[in-house]
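Visitor: Okay, here's the structure, questions in a sec.
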Amino acid sequence: MSWLKIVSPLNFFVDFSANASSHFAGKGGDSFAEELTAALRLAYANVTDLIPSIRKMILSNRQRWKINVDVTVIGALSDLSIPEVDVVPDDGGRSSLNLRRLRTGDDIRDEDLPVITWQLEVLKCPILVSVSKIGTANVLDCTPEEESCIRSQLWIGVATSDSEDVVVTMVKHVGGGFLEMESISDMLDVAVRASRTLRTSIEDRLQQEQPRRPGYTFLL
Amino acid sequence: MPTIHTNFVIPLADLQSVDGGEEKMDTGEVTHRSSTAFRPCCIKCGVFSNQDGSGYAEFGNTRVLAQIYGPNSDEKWEEDHAKITVSIKGVVENKQSEMRAQLNSSISAVIFAEKYPGKTIEIEVTVLNDDGGVLAAALIAASLAISHSGIEAMGTMTAAHVGVTAEGDFVTDPSISDFEDRNLVGGVTLCLVPNLNQVTCVDVYGLVPHSRLPSLITTAREKALALVTVIRKSIIANVEQSQKPAETF
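First to last, the protein sequences are chains A and B. Add 40 to a position in the first sequence, counting from 1, and you land on the number used in our numbering. Add 2 to a position in the second sequence, counting from 1, and you land on the number used in our numbering.
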């Protein structure tokens with residue numbers, strides 16, 4: 041929302057192929073992609089509070105790195121190394137970026153020194169869960185057949201915090217339909233439980249992936 | 003850009019809005035309002051006489067106008083239900099996409115789309131000024147426009163925007179300045195149909211602790227229900243106005 045200072049350095053792009061789903065009728069699901077992008081942007085609006093190290097992306101008031109996120113790939117960010125830089129004012133109101141390097145004191149050319157990098161704490165990112173109401177049941181991860189029976193759906197973004205209580209970063213009611221007040225509370229509880237399990241699974245998987253050789257990911 | 007000439011049914015002064023572009027409303031009483039009170043609000047059903055339907059909602063310096071075009075016939079649309087489209091003007095593109103999905107979802111839920119096969123209903127929401135709570139104001143304005151147009155719907159919608167502070171306290175209908183003054187960390191916009199007691203839109207943003215969320219949503223519901231009387235009065239006023247014989251000059 042506009043009154044929240046959105047300083048998130050994350051850019052989201054959601055793009056569907058035209059034949060990704062029969063619902064798109066060969067049109068690529070533009071409005072659905074737009075809706076999903078807006079939801080992700082809102083869920084990650086306060087990412088600098090959730091992941092303090094991401095503030096390093098903001099170099100100055102006018103300059104910052106951008107991470108462009110493909111929504112389907114969370115693993116790719118886990119081993120992403122981001123170089124630290126210094127902003128140096130240049131002539132004509134411009135600025136230049138210098139890579140920060142480990143100074144060893146020896147007489148070695150700058151280009152040969154290793155660049156200081158840092159990594160994103162991927163597990164602190166909000167997890168988005170969609171909970172659908174089918175009859176009186178709250179269903180996660182619907183099949184296409186189940187999707188045709190959905191009465192109402194909530195998209196819920198859940199993130200961890202320093203305290204035991206989790207933080208909800210976004211709730212969106214999508215696809216029309218009505219909900220009762222009691223259903224909303226139930227659906228929120230389901231989403232929080234699911235996000236805890238998902239987070240543990242992702243953590244385990246990332247730990248498994250860690251020892252692999254660089255360049256070989258589970259995607260290949 | 004094409005311009006549309008419209009005739010006002012009532013003078014703008016009657017809307018109790020403040021003219022003068024960037025000039026803000028005198029918020030002396032607003033700054034001292036309690037955290038459970040709404041900002042001064044003005045709600046109007048039927049702003050334009052020669053429009054299919056129109057509604058206006060104002061909370062403090064947030065002003066939203068909604069207009070309806072339709073139900074119109076469209077040769078390209080042959081489905082057994084009406085095609086409902088929402089367009090939003092006056093806000094940045096990112097916010098447009100956020101609001102459009104929410105408005106479309108809520109409005110589609112209340113309108114009996116099956117009663118208008120092969121028709122299109124276009125809802126145009128114009129944000130005249132955004133000072134916080136624009137989604138709630140847009141939902142109320144759109145609902146009033148639906149009532150004014152006579153399109154069959156399940157009921158009138160009411161909505162409220164409630165913020166939550168870092169300490170876990172709730173602030174009703176916060177403005178943008180309240181966000182910094184009262185150290186708000188998030189909030190919710192809740193829209194419901196009172197006569198069905200069903201929620202059509204729930205939009206949470208910011209960082210809201212899970213333990214506070216159910217009570218935040220319940221507070222938003224209570225606040226939204228508090229507006230029902232005002233919304234009904236504006237609809238009744240519009241009906242009485244339309245029954246009066248037309249004034250001749």
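Just so you know, even glycine gets a beta-carbon here, dropped at the ideal spot from N, CA and C.
Does any residue of chain A have a CB that is nearer than 9 Å to the CB of Leu43 (chain B)?
Guide: The displayed chain sequence assigns Cys, not Leu, to residue 43 (chain B). Not closer than 9 Å to any Cβ of chain A, the Cβ of Cys43 (chain B) fails to qualify, so no.
Visitor: Return helix, strand or coil for Leu44 (chain A), following the three-state DSSP convention.
Guide: Here Leu44 (chain A) scores only 45 on pLDDT, less than 50, and its place in the model should not be relied on; the value that follows carries that caveat. Looking at Leu44 (chain A) - three-state DSSP - the assignment turns out to be coil, as it is neither helix nor strand.
Visitor: Against chain B, does Leu219 (chain A) count as a neighbour if the rule is that its beta carbon must be under 9 Å from one of theirs?
Guide: True, the Cβ-Cβ gap to chain B drops below 9 Å.
Visitor: Looking at the unbroken beta strand (DSSP E) that takes in Phe52 (chain A), where does it start and where does it end?
Guide: First-last of the beta strand (DSSP E) with Phe52 (chain A): Leu50 to Phe53.
Visitor: What's the C-alpha gap between Val94 (chain B) and Glu154 (chain B)?
Guide: Using only the alpha carbons, I get a separation of about 32 Å.
Visitor: On the DSSP letters alone, give me the boundaries of the alpha helix (DSSP H) that Ile142 (chain B) sits inside.
Guide: Counting along the chain, the alpha helix (DSSP H) containing Ile142 (chain B) begins and ends at Val136 to Ser151.
Visitor: Determine the chain B residues that contact Glu261 (chain A) at a beta-carbon separation under 8 Å, and present them in chain order.
Guide: Since the first residue shown for chain A is 41 and the last is 260, residue 261 (chain A) is missing from the structure and cannot be characterised.
Visitor: Would you mind working out which of B:Phe50, B:Asp54, B:Ala147 and B:Asp132 sits nearest Glu60 (chain B), comparing C-alpha positions?
Guide: Out of B:Phe50, B:Asp54, B:Ala147 and B:Asp132, B:Asp132 has the C-alpha closest to the C-alpha of Glu60 (chain B).
Visitor: For the stretch 201-215 of chain B, enumerate the residues whose C-beta is nearer than 9 Å to any C-beta of chain A, in chain order.
Guide: Here the close residues are Val201, Thr202, Cys203, Val204, Asp205, Val206, Tyr207, Gly208, Leu209, Val210, Pro211, His212, Ser213, Arg214 and Leu215.
Visitor: Under a Cβ-count criterion, where at least 16 other Cβ atoms within 10 Å of its own Cβ denotes burial, should Ser75 (chain B) be classed as buried or exposed?
Guide: Result: exposed.
Visitor: On the premise that Ile86 (chain B) lies in contact with Ser110 (chain B), defined as a C-beta separation below 8 Å, what is that separation, rounded to the nearest angstrom?
Guide: With 8 Å as the limit, Ser110 (chain B) and Ile86 (chain B) qualify as a contact, their Cβ atoms being about 5 Å apart.
Visitor: By Cβ distance, which residues of its chain are closer than 6 Å to Val49 (chain B), with the 5 residues on each side in sequence left out?
Guide: The residues are Ser56 and Tyr58.
Visitor: State the Cα-Cα distance for the pair Lys246 (chain B) and Ser51 (chain B), rounded to the nearest angstrom.
Guide: C-alpha separation (whole angstroms): 13 Å.
Visitor: When you compare the CB of Gln245 (chain B) with every CB in chain C, is at least one pair closer than 9 Å?
Guide: Any reference to chain C falls outside this structure, whose protein chains are A and B.
Visitor: Using 9 Å as the limit for Cβ to Cβ distance, is Ala85 (chain A) near chain B?
Guide: Yes, Ala85 (chain A) counts as interfacial toward chain B.
Visitor: Spell out the partners DSSP gives Leu67 (chain B) in its beta bridges.
Guide: BP columns for Leu67 (chain B) point to B:Tyr58 and B:Thr128.
Visitor: Do Ile148 (chain B) and Pro73 (chain B) count as a contact pair if the criterion is CB distance below 9 Å?
Guide: In this structure, Ile148 (chain B) does not lie closer than 9 Å to Pro73 (chain B) by Cβ.
Visitor: Helix, strand or coil, according to DSSP, for Thr261 (chain A) in the structure here?
Guide: There is simply no residue 261 (chain A) to check, as chain A begins at 41 and stops at 260 in what is shown.
Visitor: Name, please, each residue of chain A whose Cβ falls closer than 7 Å to the Cβ of Ala103 (chain B).
Guide: Within chain A, the residues near Ala103 (chain B) are Glu75, Ala78 and Val214.
Visitor: Going by alpha carbons, who is nearest to Gly169 (chain B) out of B:Ala103, B:Asn96 and B:Ser213?
Guide: The identity of residue 169 (chain B) in the sequence shown is Glu, whereas the question assumes Gly. When each option's Cα is compared against that of Glu169 (chain B), the closest is B:Ser213.
Visitor: Rounded to the nearest angstrom, what separates Gln53 (chain B) and Val66 (chain B) at their Cα positions?
Guide: Answer to the nearest angstrom: the Cα atoms are 16 Å apart.
Visitor: Rounding to the nearest angstrom, what Cα-Cα distance links Asn51 (chain A) and Arg234 (chain B) in this structure?
Guide: For Asn51 (chain A) and Arg234 (chain B), the distance between alpha carbons rounds to 43 Å.
Visitor: Quick one, which of B:Glu100, B:Glu80, B:His83 and B:Asp82 has its alpha-carbon nearest Ser2 (chain B)'s?
Guide: The requested residue 2 (chain B) is not part of the displayed model; chain B covers only 3 to 251.
Visitor: For Gly215 (chain A), count neighbouring Cβ atoms within 10 angstroms of its own Cβ and tell me buried if that reaches 16, exposed if not.
Guide: Buried.
Visitor: Smallest Cα separation from Val211 (chain A): which of A:Ala234, A:Ser170 and A:Glu243?
Guide: That would be A:Ser170, whose Cα lies nearest to the Cα of Val211 (chain A).
Visitor: Based on the DSSP secondary-structure assignment, which residues constitute the bridge partners of Pro129 (chain A)?
Guide: A:Ser135.
Visitor: Asp205 (chain A) touches chain B at which residues, Cβ-Cβ below 7 Å?
Guide: Going along chain B in sequence order, the residues near Asp205 (chain A) (Cβ under 7 Å) are Pro211, His212 and Ser213.
Visitor: If you drop the 5 nearest sequence neighbours on each side, which residues of the same chain put their C-beta closer than 6 Å to that of Gln98 (chain B)?
Guide: Here the set comprises Ile90.
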